[in-house]
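Step one of this worksheet: look at the structure below.
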Amino acid sequence: MTAAFLPALTAKASAAAHPNPHPNPRPDTPCDCATPVLTARPDATVIRHGTIVAKAHAPDTPPTDLTARLQTAAHPTLATTLLPPLHLTPTELQGRPVTLWPYGTPVDRDDPDAAPWEAAATLLARLHTVPPPTTLPHPLPPMRGPAKAAHAVARLHAAGPHPAAPPVLRAWAALPPWARAETPPPGPHLLCHGDFHLGQLVRTPEGHWRLIDVDDLGTGNPAWDLARPAAWYACGLLAPDEWTRFLDTYRGAGGAAVPADGADPWPALDVPARALTVQTAALAITKSVAADRPLDEIEQALVDACDRMSRMPPRPAELAPETTK
Amino acid sequence: MQCPKCHAPMHTYNRNGVQIEQCNGCRGIFLDYGELESLTRLEAQWGGQQAPPPPAPQAYPAPPAPQGYPAAQAPAWGAPHGGHGGHGGHYGGHSRHKSFGHMLFSS
Ligand SMILES: [Zn+2]
């Protein structure tokens, strides 16, 4: 990213935020609205300017995949599920695709009690009940959940030896090939978010929760979208009552990832929850190596779970989740 | 229905014709009036053997369940969620904020 990148991205957001006339009395100078950087990672730069969010995607993002994902987010079928983009195609800035979005208020990270578990579950259930081939205008690529897990493990390998790495790698090795992005997943291919966590929810000015970040959106096993809360619950990091609120709401809303109410959801959730635990542990170790610090207790809990799961391989019968609806 | 003890939701399932409610939070099992008698009667029918262990949810059909899922709806590799007070869990107090922050912003 060049030094001129952020100002150029800001100019794009500003132009969208202030259609003519710009309130700045001197339009030849940059406007002086605050432009907080919301995300600054190699694969994503996200800034806010007034009511607009501009996202610069990774330089190697396949343009057709991103366009299909944008058009899905803009599709009327998903109007109450996904935040729609301002435009149906990305623009380009210094070799990176850029997309523009309305600003929405994120979940308050300082208030766990206010976490919108029910809203999250309802949105995911809605997403998972959209029949992708018939409804959506463009064929979607596969959901990128397993690819993200594989990427995290590749980063762990690249980080060099670490005492906590072996149990994580053992747990990874015990996963079926589809969960390691080596083969397509079995079972139903439904519309999935691909990287669900609470940072992927925003509230619109009208007060509606919507899912954001379509970079990993695609078709696949919907249990993957439940896997992060499931993994945190399984690792003892999410209280049972919150997990139950999430799961019960999902089921009540007709979500297709787990069997209907009463049945054990874990045969469907087991493999994705293991994969998310491995992914999160791998990234935690990678970050701790980069920062030259020990693992904190949360990160250690994830590694401990990997150690336990590597001694209890997933049962083959559960590799193929059954359609529930 | 909510657990009268910890207020988590409860799940109902059927054990040999007897309705049983188990709490998702503390794993407590609650029996309505007459249900204990029914279970005791069943126990007697089984020839004075030891009473059956607390039932697993029907969900996991007819367990040969090799190293599978215990009665609680959590994976076998999961961390112990220690009922009330949460020994074993990290979701209380300071840890709760910390794990919540991790959960929000880790991709
Ligand atoms: Zn401005």
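Protein chains in written order, with our numbering: chain A, 1 to 325; chain Y, 1 to 107. Where a beta carbon is used, it is the ideal one built from N, C-alpha and C, also for glycine. These numbers were taken from a predicted model, which means no experiment stands behind them.
Got a sec: is the Cβ-Cβ distance from cysteine 31 of chain A to anything in chain Y below 9 angstroms? Walking along the first sequence from the start, residue 31 of chain A turns up at place 31. No - not a single Cβ of chain Y is within 9 angstroms of the one on cysteine 31 of chain A.
If you draw a straight line from the alpha carbon of leucine 211 of chain A to that of leucine 88 of chain A, how long is it in whole angstroms? Your numbering for residue 211 of chain A matches position 211 in the first sequence. Your numbering for residue 88 of chain A matches position 88 in the first sequence. When rounded, the distance between both Cα atoms is 17 angstroms.
Who are the neighbours of glycine 101 of chain Y on chain A, taking C-beta pairs under 7 angstroms? Within the second sequence, numbered from 1, the residue matching residue 101 of chain Y stands at position 101. The contacting residues are Arg109.
If we cut at 9 angstroms on Cβ distances, does glycine 22 of chain Y have a partner in chain A? Walking along the second sequence from the start, residue 22 of chain Y turns up at place 22. Before going on, a small fix: residue 22 of chain Y reads as glutamine here, not glycine. Chain A, which has no Cβ nearer than 9 angstroms to the Cβ of glutamine 22 of chain Y, makes this no.
Grouping DSSP H, G and I as helix and E and B as strand, with all else coil, what is tyrosine 157 of chain A? Your numbering for residue 157 of chain A matches position 157 in the first sequence. The sequence shown places histidine at residue 157 of chain A, not tyrosine. Looking at histidine 157 of chain A - three-state DSSP - the assignment turns out to be helix.
Taking beta-carbon pairs under 9 angstroms, can you tell me which members of the segment 226 to 242 of chain A lie near chain Y? Arg228, Pro229, Ala230, Trp232, Tyr233, Ala234, Cys235, Gly236, Leu237, Leu238, Ala239, Pro240, Asp241, Glu242
Span separating the alpha-carbon of alanine 147 of chain A from that of alanine 273 of chain A: Numbered from its first residue, the first sequence carries residue 147 of chain A at position 147. Numbered from its first residue, the first sequence carries residue 273 of chain A at position 273. Whole-angstrom Cα-Cα distance: 15 angstroms.
Using only the alpha-carbon positions, how far apart do arginine 228 of chain A and threonine 35 of chain A sit? Position 228 of the first sequence holds residue 228 of chain A. Position 35 of the first sequence holds residue 35 of chain A. Their backbone Cα atoms lie some 31 angstroms apart in a straight line.
Can you check whether the CB of isoleucine 52 of chain A is closer than 9 angstroms to the CB of proline 102 of chain A? As a working note, residue 102 of chain A is residue 102 in the first sequence. As a working note, residue 52 of chain A is residue 52 in the first sequence. Yes, Cβ-Cβ distance for proline 102 of chain A and isoleucine 52 of chain A is below 9 angstroms.
Using DSSP with H/G/I as helix, E/B as strand and the rest coil, what is tryptophan 101 of chain A? Position 101 of the first sequence, counting from 1, holds the residue named residue 101 of chain A. In the structure shown, tryptophan 101 of chain A sits in a strand (DSSP, three-state: E or B).
If we ignore side chains and look at the alpha-carbon of each, how far apart do alanine 114 of chain A and glutamine 279 of chain A end up? Residue 114 of chain A sits at position 114 when you count from the first residue of the first sequence. Residue 279 of chain A sits at position 279 when you count from the first residue of the first sequence. So the two alpha carbons sit approximately 26 angstroms from each other.
Are the segment 195 to 204 of chain A and the segment 111 to 129 of chain A touching, with three or more C-beta to C-beta distances below 8 angstroms? yes
Distance, Cα to Cα, threonine 249 of chain A vs glycine 95 of chain A? For the purposes of this step, residue 249 of chain A is taken as the residue at position 249 of the first sequence. For the purposes of this step, residue 95 of chain A is taken as the residue at position 95 of the first sequence. Between threonine 249 of chain A and glycine 95 of chain A, the C-alpha separation is close to 42 angstroms.
Coil, strand or helix - valine 151 of chain A by DSSP: For the purposes of this step, residue 151 of chain A is identified with residue 151 of the first sequence, where counting begins at 1. It is histidine, not valine, that sits at residue 151 of chain A in the sequence shown. Note: histidine 151 of chain A maps to helix in three-state DSSP.
From which residue to which residue does the beta strand (DSSP E) around glycine 354 of chain A run? Chain A is shown only over 1 to 325; residue 354 of chain A falls outside these bounds and no answer can be derived.
Which of helix, strand or coil DSSP assigns to proline 70 of chain Y: Taking the first residue of the second sequence as 1, we reach residue 70 of chain Y at position 70. Bear in mind that a pLDDT of 34 at proline 70 of chain Y, under 50, signals an unreliable position, so the number given afterwards is only what the model happens to contain. Proline 70 of chain Y falls in the coil class under three-state DSSP.
For the beta strand (DSSP E) containing alanine 54 of chain A, name the first residue and the last one. To locate residue 54 of chain A, count along the first sequence from 1; it is residue 54. Unbroken beta strand (DSSP E) run through alanine 54 of chain A: 52 to 57.
Based on Cα-Cα distance, which residue from A/Thr77, A/Thr286, A/Ala230 lies nearest to proline 267 of chain A? Taking the first residue of the first sequence as position 1, residue 267 of chain A is located at position 267. The shortest C-alpha separation from proline 267 of chain A is found at A/Ala230.
Selected residue, minimal CA-CA separation from histidine 97 of chain Y, among A/Ala239, A/Leu38, A/Val289: In the second sequence, counting from the first residue as 1, residue 97 of chain Y sits at position 97. Residue A/Ala239 is the option with its Cα nearest to histidine 97 of chain Y.
Note the first and the last residue of the continuous alpha helix (DSSP H) segment covering isoleucine 47 of chain A. Residue 47 of chain A sits at position 47 when you count from the first residue of the first sequence. Careful: isoleucine 47 of chain A lies outside any alpha helix (DSSP H), inside the beta strand (DSSP E) at 44 to 49.
Proline 9 of chain Y bridges to which residues according to DSSP? Working through the second sequence from its first residue, we reach residue 9 of chain Y at position 9. According to DSSP, which records beta bridges pairwise, proline 9 of chain Y is partnered with Y/Gln2.
Measuring straight from C-alpha to C-alpha, what distance separates proline 321 of chain A and alanine 275 of chain A? For this step, residue 321 of chain A is matched to residue 321 along the first sequence. For this step, residue 275 of chain A is matched to residue 275 along the first sequence. Confidence at proline 321 of chain A is low in this model, with a pLDDT of 45, below 50, so its placement is unreliable and the value that follows should be read with caution. For proline 321 of chain A and alanine 275 of chain A, the distance between alpha carbons rounds to 15 angstroms.
Three-pair Cβ contact test at 8 angstroms for the segment 247 to 265 of chain A versus the segment 294 to 302 of chain A: no
Can we say the segment 138 to 153 of chain A touches the segment 173 to 188 of chain A, given the rule of at least three CB pairs closer than 8 angstroms? yes
Helix, strand or coil for leucine 82 of chain A? Go by DSSP, reduced to three states. Mapped onto the first sequence, residue 82 of chain A falls at position 82. Leucine 82 of chain A: strand per DSSP, three-state reduction.
Within chain Y, the residues that aspartate 248 of chain A reaches when beta carbons sit closer than 8 angstroms: The residue given as residue 248 of chain A occupies position 248 in the first sequence. Correct list: Pro9.
Residue nearest to valine 107 of chain A in terms of C-alpha spacing, selected from A/Leu201, A/Gln71, A/Pro139, A/His75: Along the first sequence, one-based indexing puts residue 107 of chain A at 107. Among A/Leu201, A/Gln71, A/Pro139, A/His75, the Cα nearest to that of valine 107 of chain A belongs to A/Leu201.
If you run the structure through DSSP and keep just helix, strand and coil, what is leucine 136 of chain A? Indexing the first sequence from 1 puts residue 136 of chain A at position 136. Three-state DSSP puts leucine 136 of chain A in coil, outside helix and strand.
Just curious, the beta strand (DSSP E) that glutamate 336 of chain A is in, first and last residue? Residue numbering for chain A in the displayed model covers 1 to 325; residue 336 of chain A lies beyond these limits and cannot be assessed.
Determine the closest residue to aspartate 218 of chain A out of A/Pro142, A/Leu70, A/Thr61, A/Gly50, with distance taken between C-alpha atoms. By 1-based counting over the first sequence, the position of residue 218 of chain A is 218. For clarity, residue 218 of chain A is glycine in the given sequence; the question names aspartate instead. The option with the nearest alpha carbon to glycine 218 of chain A is A/Pro142.
Taking only the alpha-carbon atoms, compute the straight-line gap between alanine 58 of chain A and leucine 140 of chain A and give it to the nearest angstrom. Numbered from 1 along the first sequence, position 58 holds the residue referred to as residue 58 of chain A. Numbered from 1 along the first sequence, position 140 holds the residue referred to as residue 140 of chain A. Rounded to the nearest angstrom, the two C-alpha atoms are 18 angstroms apart.
For tryptophan 351 of chain A, I'd like the list of residues in its chain whose CB is within less than 6 angstroms of its CB, leaving aside the five on either flank, ordered along the chain. Because residue 351 of chain A is not part of the residues shown, which for chain A are 1 to 325, the question remains open.
If we cut at 9 angstroms on Cβ distances, does threonine 122 of chain A have a partner in chain Y? Residue numbering aside, residue 122 of chain A sits at position 122 when the first sequence is read from its first letter. No, threonine 122 of chain A does not count as interfacial toward chain Y.
Could you tell me whether the Cβ atoms of proline 330 of chain A and histidine 128 of chain A are closer together than 9 angstroms? Because chain A spans 1 through 325 in this model, residue 330 of chain A falls outside it and cannot be assessed.
How is proline 146 of chain A classed by DSSP in three states: helix, strand or coil? Within the first sequence, residue 146 of chain A is the residue found at index 146, counting from 1. Three-state result, proline 146 of chain A: helix.
Helix, strand or coil, according to DSSP, for cysteine 33 of chain A in the structure here? As a first step, residue 33 of chain A is located in the first sequence; it is residue number 33 there, counting from the start. Three-state DSSP puts cysteine 33 of chain A in coil, outside helix and strand.
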